[in-house]
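These notes are about the structure you will find just below.
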Amino acid sequence: MAEGVTIEDLDTTPFPSKFHSVPAMMDGAVARLTVDQINKLTESTDVSHDGGTVADALDGKFDKSGGTVEGSVNVAGALQKSGVNAALAPVPASFSAAFSVTAAHNGALVSGDATSGALACSLLSAVTAGAGYSVTIKKSGTGYNAVTITPAAGTIDGAATFVLRLPGQSVKLVSDGTNWLIADRVGEEVYGSNANGSFIRRANGVQECWNSAAGTLDTQTATGNIFRSGSNIIWIFPMAFNVAPTVNPACEAGTSRWAANDSPTTTQAILRQFASATSATVVNTTARAIGTWF
1 MAEGVTIEDL DTTPFPSKFH SVPAMMDGAV ARLTVDQINK LTESTDVSHD
51 GGTVADALDG KFDKSGGTVE GSVNVAGALQ KSGVNAALAP VPASFSAAFS
101 VTAAHNGALV SGDATSGALA CSLLSAVTAG AGYSVTIKKS GTGYNAVTIT
151 PAAGTIDGAA TFVLRLPGQS VKLVSDGTNW LIADRVGEEV YGSNANGSFI
201 RRANGVQECW NSAAGTLDTQ TATGNIFRSG SNIIWIFPMA FNVAPTVNPA
251 CEAGTSRWAA NDSPTTTQAI LRQFASATSA TVVNTTARAI GTWF
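Below, the structure written as structure tokens:
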């Protein structure tokens with residue numbers, strides 16, 4: 001049977017170390033290492049561990065405050081934090097009145113509810129924010145009232161302002177130290193429908209409306225050497241335009257007819273059908289309108 005080896009009094013400091021090694025006594029056994037650090041000033045044992053690893057023996061014996069961790073750090077289990085400066089964590093915010101984005105909102109989501117009316121959002125200058133600062137600003141609530149973002153100085157991708165108009169639309173802004181850059185955009189179009197048809201509103205101002213069943217018409221009224229519908233269809237757009245759009249009506253496929261519109265406005269168009277021969281058969285009319293909504 002092998003005997004253990006003890007090494008002690010390795011130096012003359014008040015904290016000499018003693019290592020005692022006991023080798024395995026038989027196949028399959030585990031060697032044992034005992035580590036003792038004796039504080040000669042108090043005659044106490046600061047570290048004592050029998051078996052396991054040296055790292056286990058040292059666990060909880062050291063405290064370091066104000067230091068810097070360099071290189072990679074592997075963490076097993078839950079990571080707890082204590083005494084961390086709260087300013088390091090993003091500070092989310094929501095507003096329904098004029099609001100200012102500050103340094104505390106770095107990395108945060110800021111939401112403006114413009115349901116009741118247009119909102120102004122002031123953005124700190126990119127110089128004050130510093131290069132790398134980022135913030136995401138979102139238009140929450142319902143409706144199409146604008147949230148206008150204006151920096152204290154500089155530009156946003158070369159423009160003086162950036163406007164959020166669509167429900168759920170958001171923009172991520174990043175400071176380059178001088179001006180603001182657009183890093184990402186979300187919610188750039190909204191789709192909807194109602195009894196008058198369907199629509200798409202886009203953040204760039206383009207709007208499309210369509211109706212696959214605006215109404216049915218015959219072609220029994222003579223107009224010169226052709227025939228037209230005896231009545232018209234007034235198509236109310238599912239969403240209003242800011243100026244009269246371009247309207248493209250059509251007749252149901254497979255029929256020898258064509259359709260036209262008359263004097264569209266920002267809210268409606270008048271549709272009728274034409275044919276080369278009279279017919280009492282009613283045929284469905286479809287229509288699409290393309291224009292702008294702001």
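Per UniProt numbering, the sequence shown starts with residue 1, numbered consecutively.
Glycine is no exception: its CB is placed at the ideal position from the N, C-alpha and C atoms.
- Taking every protein chain shown into account, the CB of S212 has fewer than 16 other CB atoms within 10 angstroms, so this residue is exposed.
- In the three-state scheme derived from DSSP, where H, G and I count as helix and E and B as strand, A250 is classed as strand.
- Note that the C-beta distance between A93 and V110 is below 8 Å.
- Per DSSP, reduced to three states, the secondary structure at V171 is strand.
- Beta-bridge annotation (DSSP): Y191 is paired with I200.
- Contact annotation: R202 and M239 have beta-carbon atoms that are not nearer than 8 Å.
- The stretch 275-288 and the stretch 181-194 do not touch, with fewer than 3 CB-CB distances between them shorter than 8 Å.
- Of all C-beta pairs linking the stretch 100-115 to the stretch 140-153, three or more are shorter than 8 Å, placing the two stretches in contact.
- Three or more Cβ pairs drawn from the stretch 165-179 and the stretch 124-141 lie within less than 8 Å of each other, which places the two stretches in contact.
- A Cβ-Cβ distance of about 4 Å is found for the pair T219 and A275, placing them in contact under the 8 Å criterion.
- In this model, S229 and I270 are separated by some 12 Å (Cα to Cα).
- Between Q207 and F241, the gap from beta carbon to beta carbon is short of 8 Å.
- Residues I149, I156 and V171 of the same chain have their beta carbon placed closer than 7 Å to that of F162, with the five preceding and five following residues left out of the count.
- Collapsing the DSSP output to three states places V135 in a strand.
- A distance below 7 Å between beta-carbons, with the five flanking residues on each side excluded, links P245 to the following residues of its chain, in chain order: P264, A289, I290 and G291.
- Only residues of its own chain outside the window of five on either side were considered, and among them V282, V283, N284 and T285 have a CB closer than 8 Å to the CB of T216, listed in chain order.
- The beta carbon of Q268 sits closer than 7 Å to those of I234, W235, I236 and F237, all from its chain and outside the five residues before and after it, given in chain order.
- The beta carbon of A108 sits closer than 8 Å to those of P90, V91, P92, A93, V135 and T136, all from its chain and outside the five residues before and after it, given in chain order.
- Taking the C-beta atoms as reference points, V247 is found nearer than 8 Å to A287.
- The alpha-carbon separation between S100 and V243 amounts to approximately 34 Å.
- In its chain, beyond the 5 residues on either side, T115 and P167 have a beta carbon closer than 7 Å to the beta carbon of T142.
- Burial of S140 is indicated by the presence of at least 16 other C-beta atoms within 10 angstroms of its C-beta.
- With fewer than 16 other CB atoms across the displayed protein chains lying within 10 angstroms of its CB, N225 is exposed.
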